[in-house]
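One structure is given below, encoded as structure tokens.
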DNA sequence: GTAGCTGCAAACTCTTTGCAACTCT
DNA sequence: AGAGTTGCAAAGAGTTTGCAGCTAC
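Protein chains in written order, with our numbering: chain A, 1 to 134; chain B, 135 to 268.
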């Protein structure tokens with residue numbers, strides 16, 4: 001993934017301490033953190049940071065297509081740092097989110113859209129399951 | 135689709151006027167109404183019905199697996215009266231939601247889950263697109 | 001008669017926003 | 001210096017809940 005700080009600077013955003021903190025958290029994130037999670041991690045670095053700033057920054061980054069907002073069947077949103085096209089397997093016991101790609105699926109979804117008479121602009125596939133103990 | 139009123143009665147629910155009203159609306163619905171939409175339609179039949187009752191009834195029906203709660207990328211939930219397994223093509227220009235089924239997809243999703251080491255409990259595929267003018 | 005249901009209003013959760021103070025450039 | 005950013009607290013949307021009265025069984 002590209003350097004987020006550079007991308008933001010080039011877009012003309014002011015690089016404040018709070019933004020640097022949030023960008024670093026996103027860059028390092030290997031999960032799909034909620035706003036609250038980003039806020040908790042940020043407070044660790046900078047205890048004075050506010051939740052409002054986290055909300056504002058994440059919305060901003062989403063508009064810039066730097067991160068993607070995801071709404072699984074939860075009461076809150078999560079953010080996805082990896083903007084490559086992929087899908088999600090959600091572990092219903094632990095809440096873990098596993099990313100995967102699948103070429104067959106990519107072909108199939110185009111075919112389905114075409115059959116319905118639509119040009120495909122976006123899509124999502126979320127699988128919900130339970131880990132099989134082996 | 136089976137008669138909703140019967141299903142509810144058999145489950146031991148009291149058949150109040152409000153419930154009858156809501157069940158009729160769901161039975162007749164050909165779309166994926168939000169809580170507010172169900173409420174609006176219900177008030178038409180019975181102006182004294184309350185939003186809280188609509189919320190309570192829909193949650194109840196969802197727990198009984200009579201309807202399915204859907205969260206598209208909107209700030210509110212919709213309910214799906216058709217519990218057959220199907221997916222959605224969302225028209226990004228009009229907001230229309232088209233249902234479809236696809237056997238190939240059903241097979242593929244099972245295969246993917248298995249490869250990831252998961253037992254599949256639920257899933258969703260939403261396609262977002264624009265109608266092709268012919 | 002009574003368990004369960006209802007309407008109302010208050011409360012709750014997640015998110016957004018107005019504003020005065022502050023800070024990057 | 002000035003536009004953009006921040007923290008705070010208040011407000012907003014959507015949803016849930018406690019309670020006293022009501023209703024189906």
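The beta carbon of each residue, even a glycine, is placed where N, CA and C say it ideally should be.
As the structure is a prediction and not an experimental result, all values here were calculated from the model.
Would you say residue i and residue j are within 7 angstroms of each other, going by their C-beta atoms?
i: residue 116 of chain A; j: residue 223 of chain B; result: yes
i: residue 50 of chain A; j: residue 76 of chain A; result: no
i: residue 109 of chain A; j: residue 123 of chain A; result: yes
i: residue 42 of chain A; j: residue 67 of chain A; result: no
i: residue 252 of chain B; j: residue 133 of chain A; result: no
i: residue 195 of chain B; j: residue 161 of chain B; result: no
Which stretch, first to last residue, makes up the alpha helix (DSSP H) that contains residue i?
i: residue 131 of chain A; result: Taken as a continuous stretch (DSSP letters only), residue 131 of chain A belongs to no alpha helix (DSSP H), being part of the beta strand (DSSP E) at 118 to 131.
i: residue 177 of chain B; result: 169 to 179
i: residue 162 of chain B; result: 151 to 162
i: residue 112 of chain A; result: 103 to 115
i: residue 227 of chain B; result: Looking at the DSSP string, residue 227 of chain B is not in any alpha helix (DSSP H), and its letter there is neither H nor E.
i: residue 138 of chain B; result: 138 to 144
Applying a beta-carbon distance threshold of less than 7 angstroms, which residues of chain A neighbour residue i?
i: residue 207 of chain B; result: 71
i: residue 262 of chain B; result: 121, 122, 123
Tell me where the beta strand (DSSP E) around residue i begins and ends.
i: residue 69 of chain A; result: 68 to 70
i: residue 233 of chain B; result: 231 to 234
i: residue 183 of chain B; result: Run containing residue 183 of chain B: none; DSSP gives neither H nor E here.
i: residue 220 of chain B; result: That residue, residue 220 of chain B, is in no beta strand (DSSP E); it is neither H nor E in DSSP.
For residue i, return the contacting residues in chain B, with the cut-off set at a CB-CB distance below 8 angstroms.
i: residue 108 of chain A; result: 236, 238, 239, 242
What does residue i touch in chain A if you count any residue whose Cβ is under 9 angstroms from its own?
i: residue 189 of chain B; result: Within chain A, no residue comes near residue 189 of chain B; the closest Cβ sits about 14 angstroms away, beyond 9 angstroms.
Residues of chain B with CB closer than 7 angstroms to the CB of residue i, please, in chain order.
i: residue 92 of chain A; result: 255
i: residue 29 of chain A; result: Near residue 29 of chain A there are no residues of chain B at all, since even the closest Cβ is about 21 angstroms away, more than 7 angstroms.
Interface residues of chain A around residue i at Cβ under 8 angstroms?
i: residue 200 of chain B; result: Within chain A, no residue comes near residue 200 of chain B; the closest Cβ sits about 18 angstroms away, beyond 8 angstroms.
i: residue 252 of chain B; result: 89, 91, 127, 129, 130, 131, 132
At 9 angstroms on the CB atoms, spell out the chain B contacts of residue i, in chain order.
i: residue 112 of chain A; result: 221, 223, 234, 236, 238, 239, 259, 261
Query raised in the report: Between the stretch 226 to 234 of chain B and the stretch 188 to 197 of chain B, do at least 3 Cβ pairs fall closer than 8 angstroms?
Result: Result no; under three Cβ-Cβ pairs closer than 8 angstroms.
Query - Given 8 angstroms, three or more beta-carbon pairs between the stretch 101 to 113 of chain A and the stretch 78 to 88 of chain A - result: At 8 angstroms Cβ cutoff, the stretches touch.
Query raised in the report: When the Cβ atoms of the stretch 156 to 172 of chain B are set against those of the stretch 23 to 38 of chain A, are three or more pairs found closer than 8 angstroms?
Result: No, they do not touch.
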